[in-house]
């Protein structure tokens with residue numbers, strides 16, 4: 052019992068820990084807080100590997116076909132702003148921790164996109180700008196609290212803009228290309244759970260708005276994944292150059 056107590060106290064506080072150990076079903080706020088904490092840390096753990104299937108799929112295919120650079124770039128920008136905002140606001144790590152891990156994985160995917168396109172100058176420019184921007188966001192002497200809050204509101208629009216290129220790519224190709232189904236569905240579930248944890252633990256309308264918008268957009272991409280499940284990316288979009296070469300050989 053002492054082990055359970057030691058687990059619950061730092062998680063939900065001594066009072067809620069005591070009521071939960073007594074199986075007090077009337078302690079609804081404590082129960083919701085416990086569920087929120089478990090979900091929150093589950094999301095953080097999931098965030099550590101969320102984009103790994105996507106990275107492995109890209110490396111395995113040797114291609115980033117169907118993956119929008121603009122989407123990942125804007126998503127990375129939004130996550131970085133939100134990470135800095137939550138950290139500087141002193142919010143519980145369980146309510147935003149996954150953003151740090153997802154951001155690192157997004158940077159890896161952007162690196163792969165630029166590498167496969169052999170855009171070395173673009174890769175170097177991206178790394179320099181990203182590092183400089185990240186340092187500025189976490190430094191209150193460079194980016195004030197008021198400015199950071201305004202930037203956090205801007206992430207709602209950035210979030211929409213980050214998903215629209217990918218949604219349009221999927222729609223126009225009638226395929227989700229090299230998108231990983233595991234990543235898409237996990238991200239949809241995680242963003243939905245994050246709405247609950249934000250409501251429960253963080254009294255901040257800007258974070259709640261961001262979570263709601265992210266949930267809707269991720270759900271739309273998941274819907275596209277199901278809709279276009281049996282479709283392959285049109286060959287011309289993947290290897291148009293190879294097709295032209297083959298046609299010349301056959302003629």
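Residue numbers (our numbering): 52 to 302. Just so it is clear, CB atoms sit at the ideal spot from N, CA and C, and this is done for glycine as well.
Residue 244 versus residue 94: straight-line alpha-carbon distance, rounded: Here residue 244 refers to the residue found at position 193 when the chain shown is read from its first residue. Here residue 94 refers to the residue found at position 43 when the chain shown is read from its first residue. Roughly 8 Å separates the two Cα atoms.
With 16 other Cβ atoms within 10 Å as the buried cut-off, status of residue 81: Walking along the chain shown from the start, residue 81 turns up at place 30. So residue 81 counts as buried.
Three or more C-beta pairs below 8 Å linking the stretch 120-134 and the stretch 206-215: yes
Residue burial classification, residue 206 (beta-carbon count within 10 angstroms, cutoff 16): Position 155 of the chain shown, counted from the start, is the residue given in the question as residue 206. Per the 10 Å Cβ criterion, buried.
Beta-carbon proximity check, residue 235 vs residue 276, cutoff 8 Å: Taking the first residue of the chain shown as 1, we reach residue 235 at position 184. Taking the first residue of the chain shown as 1, we reach residue 276 at position 225. In this structure, residue 276 lies closer than 8 Å to residue 235 by Cβ.
DSSP three-state assignment for residue 280, whether helix, strand or coil: As a first step, residue 280 must be located in the chain shown, where it is residue number 229. DSSP places residue 280 in coil when its eight states are reduced to three.
Burial state of residue 55 (16 or more Cβ within 10 Å): Here residue 55 corresponds to residue number 4 of the chain shown, with the count starting at 1. Classification of residue 55: exposed, given that the 10 Å Cβ count is below 16.
Sufficient close CB pairs (3 or more, under 8 Å) joining the stretch 104-118 to the stretch 127-146: no
Collapsed DSSP secondary structure at residue 191 in the structure displayed: Counting from 1 along the chain shown, the entry for residue 191 is found at position 140. DSSP places residue 191 in coil when its eight states are reduced to three.
Other residues of its chain near residue 204: CB distance less than 7 Å, five sequence neighbours each side excluded: Indexing the chain shown from 1 puts residue 204 at position 153. These residues qualify, in order along the chain: 257.
Segments assigned alpha helix (DSSP H), at least 4 residues, entirely inside the stretch 108-179: 120-140 and 149-167
Inter-residue Cα distance where the pair is residue 130 and residue 78: Along the chain shown, one-based indexing puts residue 130 at 79. Along the chain shown, one-based indexing puts residue 78 at 27. Near 34 Å, if we compare the C-alpha coordinates of residue 78 and residue 130.
Which of helix, strand or coil DSSP assigns to residue 74: The residue labelled residue 74 in the question sits at position 23 within the chain shown. Three-state DSSP puts residue 74 in coil, outside helix and strand.
Assigned exposure category for residue 180 - 16 Cβ within 10 Å defines buried: On the chain shown, residue 180 is found 129 positions in, with the first residue counted as 1. Looking at its Cβ environment, which holds fewer than 16 other Cβ atoms inside 10 Å, residue 180 is exposed.
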